[in-house]
Each structure stands twice: as C-alpha cells, then as structure tokens.
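Below you'll find the structure, written out as structure tokens, and then a few comments.
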C-alpha cells in the first residue's frame, strides 16, 4: 500500500480545464501511481513476461503502454480515450480514420458470445465481439518523447439489451496477441476478474468502515488502515473460497481456534439460519462479511463465430 496526501484540494478541477494535460509530464500527476504499481508488482513477483496487469479506464495511460513495452510485460485495460492512430495509406489527413475508435468500428464483428449475468440464476446476455490491431500514436504534445505502439483493441457489445439496465459495452486494449475469437473471449474473461478488486474495496469501506475513522494523526490512521487491509483481504479470501468450494470444511481457511470462535459468534446472532442449512464455510462469516452484498458476476460460457453452423 502507498499513502499520500494532496497538497491542494480547492481549484484543482478548474486548473485542469485551463492546462493541456497531455503536455504535463506523467511524473507530476497522481496517475503516475499506475506506473509505480506496475514496477512494484514486477519487482515483487518477478518474471515480467508472465505478468498481465489488468486495470479499469483510469489506467488507460499512454505512458503505461510504453513502460510495459520497456519492461517486457503485458497489460489488459479498459479503454477510455479515443486515441490518435496511424491512418490507412489512402486516407486524407482530415479523415476520421486517424482515430482508434473509427478504425475499430470499420472492422466486422468476429462472432457472438453468451454470458450469464449475476451467477447461475441470473439472466443471459449475448455479446457480439470484434478485435483489431491498430498502430496507436502518442498524444501530440508527447510525440517527441514516446514512440507509436501497435496494440490490440477488443470491443464487446451486448445485442438487444433489456430496458432496465445499461448494455454491456466494453472496449479493451492489450499488448497481448489476439488473432482469433477464442483469444478475444479469453481476454474478456480475464478483465471480468477485475471486479474482485472492487469487492475488496467494498469490504474495506462498507464492511470494515475504513472511511469512518476519526483518528487525528497520520501515523495512527496508517496503522489502522494497514490492519483493516489485512482483515479485509482475509474476509475477501474466505468469501471467494466459499463460492469456489461451498462444501469444503471450515479448516480449509480457518484454524480450529478461529472456527470455534466464529461458531460461538454465530450462535449469539439472532435470526441466523441453522448450521445444517448453511455450507461448511459460509456459517463462519464474520459480522463484517454479513454487510457485504454479492459481487456482480459475469460468467463467460460459450462462443460462436459468425459464419459457423
């Protein structure tokens, strides 16, 4: 974990509107933490060629693309910016083909994929999928410092979505090879795992109520958050273990002493289902875990290419 505090709060949004952010060095921005995280994870895990760094739209940073290339590692990110792209040879300078989204839109759909939303009892959605390799250019203000990158863009769009929710519409970018539909679906499956990070943060904020701390010194706050992080990870791990193996024995994730204390705690809580009606792992849930709603799950199931029977 890394702690930092902003030196200025008021007026920062207005300042960003006055300054061209593409000309500001990444080292002076808060988003530089994404590059630091990439370096730190490689330093801790080793083997950069075996790491795939997955991030949401906030990590769609051109400097991260270049750093991953320099370090010999891979990334898979949600796209936020419609970046500059090398236009086709016959395109005019004013043609829209000099943007990534335009080139991706010109590619035909590769196939359709069925997903189950919300777990086994949820609804089913169909996604049409396409992918394309696009030579992506750095922002105009940084073209002297960074080189163009050939990246793969994947677009998954829900077909005939229901009216009661927004359609699934993912655009991903990666430096991993994607040359057929199954490889594109694999990357969608990997990105869906990113939601577990949100579950972990929800445990910290809603379950352990990290944001409600009223400690008055930074040193005490750091110690509290460090403790909450360990507890939150432990709860998260037990939750995922219970979903993966609901019939496993409590000793799989708990020591006998912890299992005994959890059982005694559950007996003191009113209106709990009997142990016989609960799985071996889930009966040991802590009060923090009881306040956490299940994550939004997307299960990727089967794929069909257009043109196949």
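Numbering (this note's numbering), first residue to last: 280 to 588. Note that CB positions come from ideal geometry on N, CA and C, so glycine has one too.
In this structure, DSSP gives residue 482 a helical state, which the three-state scheme calls helix. Separation of the CB atoms of residue 451 and residue 475 is rounded to 17 Å, and the pair is thereby denied contact status at 8 Å. Residue 434 carries a strand assignment under DSSP once its states are collapsed to helix, strand and coil. Under a 10 Å Cβ-count criterion, residue 494 is classified as exposed, with fewer than 16 other Cβ atoms of the shown protein chains found around its own Cβ. Between the segment 314 to 333 and the segment 346 to 362, the count of C-beta pairs closer than 8 Å reaches three or more; the two stretches touch. With contacts defined by Cβ atoms closer than 8 Å, residue 364 and residue 416 form a contacting pair. Under the three-state reduction of DSSP output, residue 531 falls in the helix class.
For residue 282, DSSP assigns no beta-bridge partner whatsoever.
Residue 452 has 356 and 432 as its beta-bridge partners, per DSSP.
With contacts defined by Cβ atoms closer than 8 Å, residue 407 and residue 391 form a contacting pair. DSSP, reduced to helix, strand and coil, places residue 346 within a helical segment of the structure shown. By the Cβ neighbour-count rule, residue 319 is exposed, with fewer than 16 other Cβ atoms within 10 Å of its own.
In this structure residue 463 is in contact with residue 410, their Cβ atoms being roughly 5 Å apart against a cut-off of 8 Å. Around the CB of residue 538, 16 or more other CB atoms lie within 10 Å, so the residue is classed as buried. The three-state reading of DSSP puts residue 507 in helix, counting H, G and I together. Rounded to whole angstroms, residue 517 and residue 523 show a C-alpha spacing of 10 Å.
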